[in-house]
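Everything in the sequence shown is counted per our numbering, starting at 2 for the first residue and increasing by one. The structure appears below as structure tokens.
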Amino acid sequence: MKDVLQTERLRLRKMHDDDAQSLYQIWANPRVAKYMNIEPFTTSAQALAMIRVINDAPYALRYSVLLENEIIGSAGFNDMNGASGVVEIGYDLAEHYWRRGFGTEIVRALLTEATHHHYTEVHAKIAPHNEGSIKLVEKLAFAYQATFEEEGQQVALYTKKLQ
């Protein structure tokens, strides 16, 4: 996977330690955290730890999402096991940037990158009460599969077949 993805308005680049303070500001917001199925962060050290865990994970890649050099969220791939042909995507945005089309740009960029790497199916696990994210993936032709419990949280699984 590429370390940098570009959309019309956004640059997605691999997260690094220097992003911790900016991402902490986003992940500390209870309205953002509830859709990530996490407790709101209380220190930037938690964000730094999250960045390091993700960067050390062999089957994950997370990008910081930048708008004009300001970090406004994160996005990326989980469970990148090429043998199965399936990859999971995830994304989050600072609340100020919701409902402005950025999520759609991000997911389209992730879908393009997944296609380039010959994945045949993309999964998105979404909090069932996250109506904005559900509308976003449905608009991009993801199909609802099921709602189930994962790590003590309810998640709705949406999938999209790639060409």
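Beta carbons are placed, not taken as given, at the ideal position from N, Cα and C, and that holds for glycine. The structure presented is a predicted model; accordingly, all values stated were derived computationally and were not measured.
Neighbourhood of residue i by C-beta distance below 7 Å, restricted to the same chain and skipping five residues each side
i	result
residue 115	88, 123, 163
residue 49	18, 21
residue 27	33, 74, 93, 95
Cutoff 8 Å; reference residue i; Cβ partners in own chain excluding five residues on either side
i	result
residue 19	none
residue 103	10, 11, 66, 68, 73, 74, 94
residue 235	The chain is shown from 2 up to 164; residue 235 falls before or after that span and cannot be answered.
Three-state secondary structure (DSSP) of residue i
i	result
residue 19	helix
residue 184	Because the chain in this structure spans residues 2 to 164, residue 184 falls outside the shown range and cannot be described.
residue 73	strand
residue 155	strand
Separation of residue j from residue i, as counted between CA atoms
i	j	result
residue 60	residue 81	5 Å
residue 151	residue 38	10 Å
residue 119	residue 3	14 Å
residue 79	residue 90	6 Å
residue 34	residue 14	21 Å
residue 126	residue 77	13 Å
residue 52	residue 62	10 Å
Exercise. Quick one: any contact between the segment 133-152 and the segment 51-71, if contact means 3 or more CB pairs under 8 Å?
Worked result: no
Problem set entry | Whole beta strand (DSSP E) elements within the segment 85-132, 3-residue minimum | 87-94, 122-127
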